[in-house]
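Written out below as structure tokens is the structure these notes cover.
Protein chains: 2
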Amino acid sequence: MSETTPAPDTRSPGGPEAPTPRKRVNRREQILRTAADVFAARGFNNTSLADIAAMLDITPAGVLHHFGSKTDLLTAVLELRDDSDPAPGGSRMLDHLVTTAERNAARPGTTQLYAVLSAESATDRHPAQEWFRDRYTVLRGEIGDAVLDRLGPEHREAASTPGPDGRTPAGAAAAAVIAVMDGLQVQWLLDPEAVDMASVTALVIDALVARLSQED
Amino acid sequence: MSETTPAPDTRSPGGPEAPTPRKRVNRREQILRTAADVFAARGFNNTSLADIAAMLDITPAGVLHHFGSKTDLLTAVLELRDDSDPAPGGSRMLDHLVTTAERNAARPGTTQLYAVLSAESATDRHPAQEWFRDRYTVLRGEIGDAVLDRLGPEHREAASTPGPDGRTPAGAAAAAVIAVMDGLQVQWLLDPEAVDMASVTALVIDALVARLSQED
DNA sequence: GTCTATATTCAGATAGAC
DNA sequence: GTCTATCTGAATATAGAC
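Respectively, the protein sequence lines represent chains X and Y. Using our numbering, you'd call the opening residue of the first sequence number 62 and step up by one each time. Using our numbering, you'd call the opening residue of the second sequence number 62 and step up by one each time.
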């Protein structure tokens, strides 16, 4: 089900941090990518090490040799960022988000992982809680800055002025954009025909930027 | 943690299908409410029948007597709608959504259940998939209508005219509103100080309605 | 460095006592 | 009508063979 990508070993040769692979990309890496696929499709709690192992024709213990525990494997998967399309800074980032939504619909993989796991992480004692809390904090900051960048200079001050609760309009807009993307992913996974992630994301970004460019 | 609602037996007397409750609201009902709380806090896959049973000082089998299986219990929990604040029709519904977001932040219970479970349901073979797919379809319809109601009559036609992909702007806005509410819930659960669900929800609704009231 | 075989814990569900 | 005691299978992790 996950063999959509034909090339098994696609990465730029001469990457900066290849850890001296005298053999070829070690088993560890195969496990990592397989685990990412399976976690994305079934969530963390609902995935067993046997599921992952079966896809590689090994036993569960084979997986555990490379990563000490299932939780460690999850952590490693989350750390494995997808650097194939680095997020640009500044106001270009907002366009990048739409592009990302577009790509996600074509390739239900990488970021489906984040949509499914982030919601799962919000449950008690989930091992990825801290990771996702930090991630959202960073994202809200970056996207908040991107929103400010897109506003006309005359609106920036208002949008970056904290209200009585200490939160800024730009930050609120950033939280909204992230929330829309996550929430849409869930709706789309359940019913792909029903929503167009990219266009709805674009609509919300446009609407929010326009809204922050008014005084009312 | 869950004793927010003081009245344990709130249902209209003379309801059409009261199954002759000679005693008082049966164990079944207690189990149902406890299960809802625990599913909300820990998700479905990560909750064991023992967890639920422990809170009632009984054994897992005690739970299974009332509901044939864990999946049946989940289904029953989902069916148990919270009728304490029925959603109004028409454009009032949008205000109701903001109110709902406000209440959710105060009482992390009922709809936290939906936020956590809906995302979990998007994973393979989850027992609640169909339930959530249907729920989202209905919600998009209702909220789409509410959006149209709020628009000026002169904009309604444009907003309800399907584009080349067969989807209407009002439907897109509806999907966006739902997505924002779900996504915010996740961010809020992970970091309650970081986002104000109600105000962000209001912001997005305002922005979308304003956006759909322009020609561009 | 890689994995098979095994131990241990805990899940969901069944049959039958109260 | 309600639940305790028990069975069966599957989960993660360990110890040690190749």
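Note that beta-carbon positions come from the ideal geometry of N, C-alpha and C, so glycine has one too. On a predicted model such as this, the values are computed, not experimentally measured, just so you know.
Residues of chain Y with a Cβ closer than 9 Å to the Cβ of X/Arg201 are, in chain order, Gln248, Ala255, Val256. Spatial neighbours of X/Ile239 in its own chain (CB-CB distance under 8 Å, excluding positions within 5 residues in sequence) are listed in chain order as Tyr197, Leu200, Arg201, Ile204.
Counting C-beta pairs with one atom in each stretch, the segment 99-107 of chain X and the segment 103-110 of chain Y have three or more that are closer than 8 Å, which means they touch. If the five residues before and after Y/Ala137 are omitted, its C-beta is found closer than 7 Å to the C-beta atoms of Leu93, Phe128, all from its own chain and listed in chain order. The contact set of X/Glu181 on chain Y, defined by CB atoms closer than 9 Å, consists of Gly104, Asn106, Asn107, Val177, Ala180, Glu181, Thr184 in chain order. At a C-beta separation below 7 Å, X/Ser260 has these neighbours in chain Y: Ala233. Excluding residues up to 5 positions away in sequence, Val99 lie with their Cβ nearer than 6 Å to the Cβ of X/Asp112 in the same chain. Taking a Cβ-Cβ cut-off of 9 Å, the neighbours of Y/Gln190 in chain X comprise Leu251, given in sequence order.
Using a Cβ distance threshold of 8 Å, Y/Gln246 and Y/Gln173 count as a contacting pair. For X/Gln275, the three-state secondary structure derived from DSSP is coil. It is roughly 49 Å from the alpha-carbon of X/Glu163 to the alpha-carbon of Y/Arg88. With respect to X/Leu269, Y/Ala235 sits apart: the two C-beta atoms are not nearer than 8 Å. Here X/Pro230 is buried, its C-beta having at least 16 other C-beta atoms within 10 Å.
Check the Cα spacing between Y/Ala97 and each of Y/Leu158, Y/Ile119, Y/Leu141: the tightest is with Y/Leu141. Here the C-alpha atom of Y/Ala148 lies approximately 22 Å from the C-alpha atom of X/Val241. One alpha carbon belongs to Y/Trp249, the other to X/Arg228, and they sit about 14 Å apart.
Relative to Y/Pro188, the option among Y/Thr222, Y/Ala219, Y/Ser130 whose CA is nearest is Y/Ser130.
The same chain holds no residue with a CB closer than 7 Å to that of X/Tyr175 once the five nearest residues on each side in sequence are set aside. By the Cβ-count criterion, Y/Pro169 is buried, with 16 or more other Cβ atoms from all chains shown falling within 10 Å of its own Cβ. When C-alpha distances from X/Gln190 are compared across X/Asp118, X/Thr132, X/Val124, the shortest belongs to X/Thr132. Interface criterion not met: the Cβ of X/Asp156 is under 8 Å from no Cβ in chain Y. Linking X/Val124 to X/Ala101 through their CA atoms gives a straight-line distance of about 18 Å.
In this structure, DSSP gives X/Asn165 a helical state, which the three-state scheme calls helix. Not flagged as an interface residue toward chain X: Y/Gly170, since no C-beta distance is shorter than 8 Å. X/Phe193 belongs to the set of residues whose beta carbon lies under 8 Å from a beta carbon in chain Y. Residues of the segment 202-226 of chain Y whose Cβ lies closer than 7 Å to any Cβ of chain X, in chain order: Asp226. DSSP, reduced to helix, strand and coil, places Y/Pro149 outside both helices and strands of the structure shown, so it counts as coil. At least one CB of chain Y lies nearer than 8 Å to the CB of X/Arg272. Inter-residue distance for Y/His157 and Y/Thr262 is about 11 Å (C-alpha atoms, whole angstroms).
X/Glu215 counts as exposed, since fewer than 16 other C-beta atoms from the protein chains shown sit within 10 angstroms of its C-beta. Any Cβ of chain Y closer than 8 Å to the Cβ of X/Thr160 would place that residue at the interface, and such an atom is absent. When only Cα atoms are considered, X/Trp192 and Y/Arg217 end up about 44 Å apart. Y/Ala207 sits close to Y/Met154, with the two beta carbons spaced by under 8 Å. For X/Val138, none of the residues of chain Y pass the 7 Å Cβ criterion, the least Cβ distance being about 15 Å.
For X/Val124, none of the residues of chain Y pass the 8 Å Cβ criterion, the least Cβ distance being about 19 Å.
For X/Arg164, there are no C-beta contacts with chain Y under 8 Å, since the nearest C-beta of that chain is about 18 Å from it.
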